[in-house]
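*Asks:* Numbering (our numbering), first residue to last: 888 to 1473. Each residue gets a CB set at the ideal place from its N, CA and C atoms; glycine is no exception. Model, not experiment: these values are computed from the prediction.
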Amino acid sequence: MFLQTSNARLEVLHTGDIRSLSIQDLYINQLFPNHVDTMAHNIFLRIREDCNYKVYPLVGKASGGQFAVTRSTNQLVYQGLADDISYKVVYTLAKDKWFIDLQLTPSSSGQGKVIDIIYGQDVGLAGFGHIQGNEAYNSQYIDHKVFDTDLGYVVCSRQNQWQAPEQSGFPMMQQGSFQRIRSFSTDGYPFYGLTYKIDDKISALKEETLNNRIYQYEYAYTALQTEETKLTKVSCYTFYGITSQSIKTEIKAPISMDTVLEDYHTPDWDLLAQADYKNVSPVIPCIASLPFTEAEVSERCPAKHHVEKSEDQLLSFFGENHEHVVLMEKELHVERPHGHILLSGTSDFVHEDLLATTNYMYGIFSSQTVIGNTTFHKLNTNCRNGLNVSKASGQRIMIKKNGTYHMLTMAGLYEMGYNYSRWLYKFEDDVLEIVSYTHHDAPALTLEIHSQKNRKYDFAVFSELCTGPEPYDAPFRYELKGQTVTIRHLADTLSGSRYPGLHFNITAKEAFRLHNDAFFYKELGTQKEPYLVWEFNGVSQVNIITAGFISAEEDPVLPSTFRDEKAAFLTWLKAALHGFRLELPG
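1. What do you get for Q1050, buried or exposed, if any count of 16 or more other CB atoms within 10 angstroms of its CB means buried?
2. By a C-beta neighbour count over all protein chains shown, 10 Å radius and 16 as the cutoff for buried, is Q1048 buried or exposed?
3. From the DSSP output, in three-state form, read off M888 for me.
4. Indicate whether E1416 and N916 have their beta-carbon atoms separated by less than 7 angstroms.
5. For H1227, which option in K1265, A1107, V1322 has the closest C-alpha, if you only look at C-alpha atoms?
6. For the beta strand (DSSP E) containing M1059, name the first residue and the last one.
7. Just to check, is the beta-carbon of Q1112 closer than 6 angstroms to a non-hydrogen atom of the ligand GDP?
8. For the beta strand (DSSP E) holding E898, just list the boundary residues, first then last.
9. In chain order, what residues of the same chain lie with their CB nearer than 6 angstroms to the CB of F1015, ignoring the 5 residues before and after it?
10. Could you check if N1275 is buried or exposed, using at least 16 other CB atoms within 10 Å of its CB as the buried criterion?
11. Could you tell me which residues DSSP pairs with H1402 in its beta bridges?
12. A1243 bridges to which residues according to DSSP?
13. For a minimum of 4 consecutive residues, which ranges assigned as the alpha helix (DSSP H) are wholly contained in the segment 993–1018?
14. If you draw a straight line from the alpha carbon of T1146 to that of I1432, how long is it in whole angstroms?
15. Name the DSSP beta bridge partners of W1459, please?
16. Given a cut-off of 7 angstroms on the beta-carbon distance, is the pair V977 and M888 in contact?
17. State the CB to CB distance for the pair M1297 and S1176, rounded to an integer number of angstroms; the pair is presumed to be in contact (CB under 8 angstroms).
18. With burial defined as no fewer than 16 other Cβ atoms inside 10 Å of the residue's Cβ, what is the status of T1458: buried or exposed?
19. Does DSSP put G1020 in a helix, a strand or coil?
20. Please say whether L918 and D1009 have beta carbons closer to each other than 7 angstroms?
21. Determine the DSSP secondary structure at W1310, reduced to helix, strand or coil.
22. Run the CB neighbour count on L1445, radius 10 Å, all protein chains shown included, and call it buried at 16 or more, exposed below.
23. Find out if the Cβ-Cβ distance for the pair L1311, E1320 is shorter than 7 angstroms.
24. Who are the Cβ neighbours of L1159 in its own chain at under 6 angstroms, not counting the five residues just before and after it?
25. Taking buried to mean at least 16 other C-beta atoms within 10 Å of its own C-beta, is K1461 buried or exposed?
26. Grouping DSSP H, G and I as helix and E and B as strand, with all else coil, what is P944?
27. Taking all protein chains shown into account, do 16 or more other C-beta atoms lie within 10 angstroms of the C-beta of P1472, making it buried, or fewer, making it exposed?
28. Grouping DSSP H, G and I as helix and E and B as strand, with all else coil, what is K1278?
29. Give the single residue among S995, K948, V1001, T1073 whose Cα lies nearest to the Cα of T925.
30. When you compare the CB positions of S1253 and T1261, do they come within less than 7 angstroms of one another, or not?
31. Going by alpha carbons, who is nearest to K1265 out of H1293, G1435, L1097, K1135?
32. Which one of S1064, I1018, S1072 has the shortest CA to CA distance from Q1046?
33. Name, in chain order, the residues that DSSP records as bridge partners for A1347.
34. Under the rule that 16 or more other beta-carbon atoms within 10 Å means buried, what is Q1282, buried or exposed?
35. Helix or strand or just coil, what does DSSP make of I1129?
36. Between Q962, E1095, G1063, Y1386, which has its C-alpha nearest D1003's C-alpha?
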């Protein structure tokens, strides 16, 4: 679904999330959610209770409310109820700007509540391909300048990387409000906080104010906070964004409010109440590990050296074979997440049939899995955000708890060995062990899931498939024969034309049911998203082998075990080093 003016375009998903906002070829947002994922943009209503806040997202899937696209007024509307306060949020497009109007109507029991509003918007400010190429890199080139005006803070952001002529050089955007803005933030790392990787909660929403700091890191994100007020009657708020197609020098002053107001019209709230509303889709809940005690870690990893601690809290160490072991507490000390690159084969020469993949501690079990060429010979997508805000890329695992599938996020313990990664998830009554390892004699990768107490679960292992440089650009086809799913690059793609036999075989040992993307939103049916889901019911372990081939010929992938593959790689490494060793006293 789309809203469109001469220059501006808003794409709305059937789940209720906004996929993109663009002015001509300039995309405002950085992350592009699909029907599985959840958008990063939102409007948050906060209600103060003593020294704490109750927080309500008001738009998209996270709101749990309703939405409508009104063709008569060319607007997007959300409505719902938040703690005895009914609300409507309206998105309106203009030539080079957009407006977000919020109306709050308290019931008798909702009157007198002390509230404020926080607006949040992920910032891309570039062409689609430019952003998708590397979101973190793009963010570091977006320069932010904040001005304190009569209406409080406005945030201006300039793209310092030249955009193509149709995108007009160095574009700039300004975000502000018609009401006074009390505080601001310019990056998602201080806004979401490092704790988000563990608890999936935005840390800044718990604080009295935003950080009021210009921070230019790897997740450009504008947050604006209004003044606190006591809600006694119907109240309205308006946020806006406006772009300028080319700013050749630094930003020296904000765009005037007279210019902003030129295209603004107050919403017809009565007319919008008659729109045909639909319920937003639910958000996939997440589940992280409980922390391991030091005694539990020692039981599983008795040999340690180069131990890292912070105030007697164990953070990380190296094991007997120099594998690096990291605990979830270490993730609270680093902005970039722990991850690992795995390669198949035991050769010191580069071969075009080398399989490679990348995984991360917070629940990406493989991403950018490739055979040979890392740009064109892909199987699945890569990680899109260092805080795990985007949770639908790469390969993920869901486990059913209390009748509902939950996505695994942060592991309690993450071990990085020469040819493997291992995740341990501690629950109240079990420990789930997940290992991903490459094979020494074949371009293959094995994923193993095991309940240490042999409890039976329902698992759903899914991948966002990608067979080209960018997601959704390269079509593919798949076929299921027995326990094996074969995924092929189509002949009319660059990779398929050069390597017509290029394909991946994904073979599961346990019985499974294969689903497409409709698995995530059965009420909508398939939305043609590039997902495949392997669902396993009532099992205590899962074994999946992914093998990549650059031709139609397939060398057999011999059965193996994690222990055997680990030993084979260590044996090869020892021989390759010829006894070379570095030692550090202490």
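*Replies:* Taking the coordinates as given:
1. On the sequence shown, residue 1050 is found 163 positions in, with the first residue counted as 1. Within 10 angstroms of the beta-carbon of Q1050 lie 16 or more other beta-carbons, which makes it buried.
2. If you number the sequence shown from 1, residue 1048 lands on position 161. Burial check for Q1048: the Cβ neighbour count within 10 Å stays below 16, so the residue is exposed.
3. Counting from 1 along the sequence shown, the entry for residue 888 is found at position 1. In the structure shown, M888 sits in coil (DSSP, three-state: anything other than H, G, I, E or B).
4. For the purposes of this step, residue 1416 is taken as the residue at position 529 of the sequence shown. For the purposes of this step, residue 916 is taken as the residue at position 29 of the sequence shown. Not in contact: E1416 and N916 (Cβ atoms no closer than 7 angstroms).
5. As a working note, residue 1227 is residue 340 in the sequence shown. Considering only alpha carbons, the answer is V1322.
6. On the sequence shown, position 172 is the one that residue 1059 refers to. Its beta strand (DSSP E) spans residues 1059–1064.
7. Absent from the structure shown: the ligand GDP. Ligands present: none.
8. One-based indexing of the sequence shown puts residue 898 at position 11. Element bounds for E898: 895–899.
9. As a working note, residue 1015 is residue 128 in the sequence shown. Same-chain partners within the cutoff: Y914.
10. The residue you call residue 1275 lines up with position 388 of the sequence shown. Counting Cβ neighbours within 10 Å, N1275 comes out buried, since at least 16 surround it.
11. Working through the sequence shown from its first residue, we reach residue 1402 at position 515. Beta-bridge pairing links H1402 to V1420.
12. Residue numbering aside, residue 1243 sits at position 356 when the sequence shown is read from its first letter. When beta bridges are read from the DSSP output, A1243 appears opposite L1230, V1257.
13. Listed in chain order, nothing qualifies, since the segment 993–1018 has no complete alpha helix (DSSP H) run of 4 or more residues.
14. Numbered from 1 along the sequence shown, position 259 holds the residue referred to as residue 1146. Numbered from 1 along the sequence shown, position 545 holds the residue referred to as residue 1432. C-alpha separation (whole angstroms): 59 angstroms.
15. Residue mapping note: residue 1459 aligns to position 572 of the sequence shown, counting from 1. Among the bridge pairs identified by DSSP, W1459 is matched with none.
16. Mapped onto the sequence shown, residue 977 falls at position 90. Mapped onto the sequence shown, residue 888 falls at position 1. No, the pair does not count as a contact, with Cβ atoms beyond the cut-off.
17. By 1-based counting over the sequence shown, the position of residue 1297 is 410. By 1-based counting over the sequence shown, the position of residue 1176 is 289. Confirmed, about 6 angstroms.
18. As a first step, residue 1458 must be located in the sequence shown, where it is residue number 571. Around the Cβ of T1458, a 10 Å sphere holds fewer than 16 other Cβ atoms; the residue is exposed.
19. Residue numbering aside, residue 1020 sits at position 133 when the sequence shown is read from its first letter. Residue state, collapsed to three classes: helix.
20. Start at 1 with the first residue of the sequence shown, and residue 1009 comes out as number 122. Start at 1 with the first residue of the sequence shown, and residue 918 comes out as number 31. Taking 7 angstroms as the cut-off, the beta carbon of D1009 is found closer than this to the beta carbon of L918.
21. In the sequence shown, the residue the question calls residue 1310 occupies position 423. Three-state result, W1310: strand.
22. Here residue 1445 refers to the residue found at position 558 when the sequence shown is read from its first residue. Result: exposed.
23. The residue you call residue 1311 lines up with position 424 of the sequence shown. The residue you call residue 1320 lines up with position 433 of the sequence shown. Taking the C-beta atoms as reference points, E1320 is found nearer than 7 angstroms to L1311.
24. As a position in the sequence shown, residue 1159 is number 272, starting the count at 1. Short of 6 angstroms from the beta carbon of L1159, and not among the five residues preceding or following it, lie these beta carbons of its own chain, in chain order: V964.
25. As a working mapping, residue 1461 is identified with position 574 in the sequence shown. Taking a 10 Å sphere around the C-beta of K1461, we find fewer than 16 other C-beta atoms and assign the residue as exposed.
26. For this step, residue 944 is matched to residue 57 along the sequence shown. If DSSP states are grouped into helix, strand and coil, P944 belongs with the strands.
27. Along the sequence shown, read from residue 1 onward, the residue named residue 1472 stands at position 585. Only exposed fits P1472, as fewer than 16 other CB atoms lie within 10 angstroms of its CB.
28. Working through the sequence shown from its first residue, we reach residue 1278 at position 391. It is coil, neither helix nor strand.
29. Counting from 1 along the sequence shown, the entry for residue 925 is found at position 38. For T925, the closest of S995, K948, V1001, T1073 by C-alpha to C-alpha distance is K948.
30. The residue you call residue 1253 lines up with position 366 of the sequence shown. The residue you call residue 1261 lines up with position 374 of the sequence shown. No, they are not a contact pair.
31. To locate residue 1265, count along the sequence shown from 1; it is residue 378. That would be G1435, whose Cα lies nearest to the Cα of K1265.
32. Start at 1 with the first residue of the sequence shown, and residue 1046 comes out as number 159. When the alpha-carbon of Q1046 is set against those of S1064, I1018, S1072, the nearest one is in I1018.
33. As a position in the sequence shown, residue 1347 is number 460, starting the count at 1. A1347 pairs with M1285, E1422.
34. Against the sequence shown, residue 1282 aligns to sequence position 395. Around the Cβ of Q1282, a 10 Å sphere holds 16 or more other Cβ atoms; the residue is buried.
35. Translated into positions along the sequence shown, residue 1129 becomes position 242. Secondary structure of I1129 (DSSP, three-state): strand.
36. The residue you call residue 1003 lines up with position 116 of the sequence shown. Minimum Cα distance to D1003 is reached at E1095.
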